[in-house]
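Here is the structure we will look at.
Residue numbers (my numbering): 7 to 382.
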């Protein structure tokens with residue numbers, strides 16, 4: 007057997023164990039995913055061709071990446087059905103779920119021309135999410151411009167930061183204090199809870215990095231990943247109220263650490279699929295609500311993290327670590343800024359599933375391709 011065959015076989019075995027079937031948060035099992043989802047099939051083929059050793063942390067990343075790719079494909083197929091009502095008769099809606107860049111670009115151009123005609127909210131939400139997933143990486147100026155118009159962001163943080171004259175830790179502390187007192191000016195929380203404190207969320211994550219709160223499920227029993235669940239809890243304990251589809255409620259004490267979808271459903275109530283525990287659904291839910299957003303390639307962040315520490319990013323902002331799968335960016339892991347390192351000039355991050363209290367972001371991003379930072 008060739009070496010890449012051993013690589014793909016080890017992935018199959020590991021992912022079969024990691025990916026139990028569930029309709030709530032996680033992907034279907036490996037075999038089903040590879041056979042029925044061309045995105046996953048292409049991703050696994052790409053991994054095999056890269057012929058890189060698969061560490062346990064990278065397998066955890068593959069777990070979330072495959073979950074994200076399953077969600078991408080399901081959404082794209084659903085969109086291809088809903089948009090038939092509006093699309094030209096000669097347009098092949100199967101292009102929407104193609105893995106080819108030119109097909110995605112053609113689909114986005116079509117969607118842009120009829121965007122204002124779409125009166126089905128579910129369809130329009132899927133169109134918005136389609137541009138979020140593919141426009142930036144397509145390199146197509148028309149699609150990128152339309153994406154920027156859809157996800158136009160405010161400049162509240164820049165305005166607040168521009169009035170702070172200090173540097174270093176004093177500047178961060180002043181910005182944290184200002185943000186805690188100006189929630190009405192930030193789109194991420196004003197509509198939900200003016201009392202949200204980003205710095206409190208970051209401090210909670212720092213203090214509780216190695217704990218599992220009994221009011222929420224603990225994904226530490228061989229089923230799923232706890233990374234997004236931990237970040238959601240940090241936001242919640244920072245004062246963010248549960249709302250819309252972002253929620254998690256306890257039914258009973260039977261399965262505090264569910265080992266299967268059945269156990270999860272028995273003891274916990276979540277949206278299906280759930281932005282509380284799924285990194286891709288979390289990004290989909292919050293991307294249009296956050297006021298500021300930063301994105302860096304691994305190379306860019308590694309080279310410039312010292313300067314990036316001066317950006318208006320604070321404790322409580324959410325780190326999404328992504329893989330480049332095929333030609334687009336796919337969320338793979340979530341963490342939260344918990345502290346700063348002004349000696350090494352970097353952000354420090356807390357997270358699960360591998361418990362971390364103050365992992366340097368430059369270290370975290372070394373195992374991924376892209377880092378996205380959502381400012382709350």
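Where is the CB? At the ideal position from N, CA and C, for every residue including glycine.
Because the structure is a prediction, the values reported are computed rather than measured.
Checklist entry - From residue 213 to residue 310, what distance separates their C-alpha atoms? => result In the chain shown, counting from the first residue as 1, residue 213 sits at position 207. In the chain shown, counting from the first residue as 1, residue 310 sits at position 304. In a straight line, the C-alpha of residue 213 is about 28 Å away from that of residue 310.
Next on the checklist: Cutting at 6 Å between CB atoms, please list the residues of its own chain near residue 347, excluding the five before and the five after it.
Outcome noted: By 1-based counting over the chain shown, the position of residue 347 is 341. Around residue 347: 354.
Item to check | residue 228 - DSSP class collapsed to helix/strand/coil | outcome: Position 222 of the chain shown, counted from the start, is the residue given in the question as residue 228. When secondary structure is reduced to three states using DSSP, residue 228 falls in the coil class, being assigned neither helix nor strand.
Item to check | Local Cβ density within 10 Å of residue 55, reported as buried at 16 or more and exposed below that | outcome: Your numbering for residue 55 matches position 49 in the chain shown. Exposed.
Item to check | the segment 264-277 / the segment 306-322 touching (three or more Cβ pairs under 8 Å) | outcome: With a cut-off of 8 Å, the segment 306-322 and the segment 264-277 do not count as touching, because too few Cβ pairs lie within range.
Item to check | Enclosing alpha helix (DSSP H) for residue 140 [first to last residue] | outcome: To locate residue 140, count along the chain shown from 1; it is residue 134. Start and end: 127-144.
Next on the checklist: So, for residue 172: in the same chain, excluding its five sequence neighbours on each side, which residues have a beta-carbon less than 7 Å away from its beta-carbon?
Outcome noted: Here residue 172 refers to the residue found at position 166 when the chain shown is read from its first residue. In the same chain as residue 172, and ignoring 5 residues on each side of it, the C-beta atoms closer than 7 Å to its own belong to 180, in chain order.
Checklist entry - Around the C-beta of residue 87, are 16 or more other C-beta atoms found within 10 angstroms, so that it is buried, or is it exposed? => result As a first step, residue 87 must be located in the chain shown, where it is residue number 81. Exposed.
Item to check | Member of 288, 246, 229, 283 whose CA lies at the smallest distance from the CA of residue 265 | outcome: Your numbering for residue 265 matches position 259 in the chain shown. That would be 229, whose Cα lies nearest to the Cα of residue 265.
Item to check | Range covered by the beta strand (DSSP E) that runs through residue 341 | outcome: As a working mapping, residue 341 is identified with position 335 in the chain shown. Per DSSP, residue 341 belongs to the beta strand (DSSP E) from 334-347.
Item to check | Sub-8 Å separation of residue 388 and residue 114 beta-carbons | outcome: Because the chain in this structure spans residues 7 to 382, residue 388 falls outside the shown range and cannot be described.
Item to check | DSSP three-state assignment for residue 318, whether helix, strand or coil | outcome: Taking the first residue of the chain shown as position 1, residue 318 is located at position 312. Coil, per DSSP.
Checklist entry - For residue 122, which of 111, 109, 141, 89 has the nearest alpha-carbon? => result Translated into the one-based positions of the chain shown, residue 122 becomes position 116. Checked all of 111, 109, 141, 89; the closest Cα to residue 122 is 89.
Next on the checklist: Do residue 361 and residue 326 have their beta-carbon atoms positioned less than 8 Å apart in this structure?
Outcome noted: Counting from 1 along the chain shown, the entry for residue 326 is found at position 320. Counting from 1 along the chain shown, the entry for residue 361 is found at position 355. Cβ atoms of residue 326 and residue 361: not closer than 8 Å.
Checklist entry - To the nearest angstrom, how far is it from the Cα of residue 217 to the Cα of residue 255? => result Along the chain shown, read from residue 1 onward, the residue named residue 217 stands at position 211. Along the chain shown, read from residue 1 onward, the residue named residue 255 stands at position 249. Roughly 18 Å between the two C-alpha positions.
Checklist entry - Using the beta-carbon count (16 or more within 10 Å), is residue 372 buried or exposed? => result Start at 1 with the first residue of the chain shown, and residue 372 comes out as number 366. It counts as exposed.
Checklist entry - What three-state label does DSSP hand residue 366 in the structure shown? => result The residue you call residue 366 lines up with position 360 of the chain shown. Under the three-state reduction of DSSP output, residue 366 falls in the strand class.
Checklist entry - By Cβ distance below 7 Å, which residues in the same chain neighbour residue 105 in space, the five residues on each side in sequence not counted? => result What you label residue 105 is simply residue 99 of the chain shown in a count that begins at 1. Once the five neighbours on either side are set aside, the close Cβ partners of residue 105 are 44, 45, 48, 332.
Item to check | Same chain only: Cβ atoms within 8 Å of residue 237, ignoring 5 sequence neighbours per side | outcome: Along the chain shown, one-based indexing puts residue 237 at 231. In chain order, 211, 288, 324, 340, 341, 342, 357 place their CB closer than 8 Å to the CB of residue 237, counting only its own chain and leaving out the 5 sequence neighbours on each side.
Next on the checklist: Does the contact criterion of 3 or more C-beta pairs under 8 Å hold for the segment 363-379 versus the segment 242-257?
Outcome noted: Because the criterion of three Cβ pairs below 8 Å is not met, the segment 363-379 and the segment 242-257 do not touch.
Item to check | Spatially closest choice to residue 382 from 82, 334, 300, by CA coordinates | outcome: For the purposes of this step, residue 382 is taken as residue 376 along the chain shown, with counting starting at 1. Of 82, 334, 300, the residue nearest in Cα terms is 300.
Next on the checklist: Please classify residue 239 as buried or exposed, where buried requires at least 16 neighbouring CB atoms within 10 angstroms.
Outcome noted: Within the chain shown, numbered from 1, the residue matching residue 239 stands at position 233. Residue 239 is buried by the Cβ-count criterion.
Checklist entry - Which full runs of the beta strand (DSSP E) of 3+ residues lie inside the segment 231-262, going along the chain? => result For the segment 231-262, whole beta strand (DSSP E) runs of length 3 or above, ordered along the chain, are 254-256.
Item to check | Reduced DSSP secondary structure (H/G/I, E/B, other) of residue 169 | outcome: Here the question's residue 169 lines up with position 163 in the chain shown. Residue 169 falls in the coil class under three-state DSSP.
Checklist entry - Sorted by chain position, which residues of the same chain lie with C-beta nearer than 7 Å to residue 222's C-beta, five sequence neighbours on each side aside? => result Within the chain shown, the letter at position 216 stands for residue 222. If we look at residue 222 and ignore the five residues flanking it on each side, its Cβ neighbours are 235, 239, 254.
Item to check | Alpha carbon of residue 258 to alpha carbon of residue 282, nearest angstrom | outcome: Taking the chain shown and counting its residues from 1, one reaches residue 258 at position 252. Taking the chain shown and counting its residues from 1, one reaches residue 282 at position 276. The C-alpha of residue 282 is placed about 18 Å away from the C-alpha of residue 258.
Next on the checklist: Please classify residue 182 as buried or exposed, where buried requires at least 16 neighbouring CB atoms within 10 angstroms.
Outcome noted: Mapped onto the chain shown, residue 182 falls at position 176. It counts as buried.
Checklist entry - Quick one: Cα of residue 378 to Cα of residue 293, how far? => result Taking the first residue of the chain shown as 1, we reach residue 378 at position 372. Taking the first residue of the chain shown as 1, we reach residue 293 at position 287. About 10 Å.
Checklist entry - Nearest CA to the CA of residue 318: which residue from 205, 338, 52? => result Here residue 318 refers to the residue found at position 312 of the chain shown. When each option's Cα is compared against that of residue 318, the closest is 205.
Checklist entry - Which one of 159, 158, 157, 184 has the shortest CA to CA distance from residue 170? => result Counting from one through the chain shown, the residue named residue 170 turns up at place 164. The option with the nearest alpha carbon to residue 170 is 184.
Checklist entry - Apart from the five residues on each side of it in sequence, which residues of its chain come closer than 7 Å, Cβ to Cβ, to residue 135? => result Locating residue 135 in the chain shown gives position 129, where the first residue counts as 1. Excluding sequence neighbours, residue 135 sits near 81, 290.
Checklist entry - Roughly how many whole angstroms lie between the Cα atoms of residue 267 and residue 76? => result Along the chain shown, one-based indexing puts residue 267 at 261. Along the chain shown, one-based indexing puts residue 76 at 70. Residue 267 and residue 76: Cα-Cα distance of roughly 17 Å.
Checklist entry - Does the beta-carbon of residue 272 have 16 or more other beta-carbons within 10 angstroms, so that it is buried, or is it exposed? => result On the chain shown, residue 272 is found 266 positions in, with the first residue counted as 1. That one is exposed.
Next on the checklist: Comparing C-alpha positions only, which one of 330, 376, 226, 208 sits nearest to residue 345?
Outcome noted: Numbered from 1 along the chain shown, position 339 holds the residue referred to as residue 345. In terms of CA proximity to residue 345, 208 leads the group 330, 376, 226, 208.
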